[in-house]
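Going by this note's numbering, the sequence shown opens with residue 2, and the numbers climb by one from there.
The beta carbon of each residue, even a glycine, is placed where N, CA and C say it ideally should be.
The structure displayed is predicted, hence computed values, not measured ones.
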Amino acid sequence: RITRYRVQSMKYDEIGRAVTRRMWITADVRCTDVRRRKMIFHEADIQSFREYSELVAPIESEARVMEYVVEDLAKRITAKTVTGWYTDLMTDIEKRKP
Numbered sequence: 002r003i004t005r006y007r008v009q010s011m012k013y014d015e016i017g018r019a020v021t022r023r024m025w026i027t028a029d030v031r032c033t034d035v036r037r038r039k040m041i042f043h044e045a046d047i048q049s050f051r052e053y054s055e056l057v058a059p060i061e062s063e064a065r066v067m068e069y070v071v072e073d074l075a076k077r078i079t080a081k082t083v084t085g086w087y088t089d090l091m092t093d094i095e096k097r098k099p
């Protein structure tokens with residue numbers, strides 16, 4: 002279940018246009034054994050995001066960025082479900098590195 006979809010302006014030019022934006026999607030994942038009515042797996046707030054610009058190079062459309070973010074979110078959900086973690090997919094921003 003998608004719990005958050007957000008496009009946030011990050012940087013502005015001299016006339017106030019948003020030059021850089023961040024698309025961010027967060028999901029809650031639940032896997033349930035419907036026969037036994039038992040939850041197998043639940044993970045809240047798995048997220049993926051990407052910063053992009055439609056004005057300065059490298060230019061990316063919002064539609065293309067959404068494809069990337071959804072694909073990355075799917076990889077993170079798969080990694081979390083199979084291995085229990087997705088740190089190898091985390092960005093430097095998530096790891097708090099400059």
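request  = Leaving out five residues on either side along the sequence, give the residues of the same chain with a beta carbon under 7 Å from the beta carbon of V20.
outcome  = Excluding residues within five positions, the ones whose Cβ falls inside 7 Å are K12, Y13, D14, S54, L56, V57.
key: Inter-residue Cα distance where the pair is I78 and T92   = One C-alpha to the other measures close to 15 Å.
query = Cα-Cα, which of R7, R5, R22 is closest to P59?
reply = Nearest of R7, R5, R22 to P59, Cα basis: R22.
request  = Leaving out five residues on either side along the sequence, give the residues of the same chain with a beta carbon under 8 Å from the beta carbon of V71.
outcome  = So the qualifying residues of the chain are I26, S49.
task = Please check the pair F42 and T4, which I expect to be a contact at CB under 8 Å, by giving their CB distance rounded to whole angstroms.
result = Actually they do not touch by this definition, with Cβ atoms about 16 Å apart.
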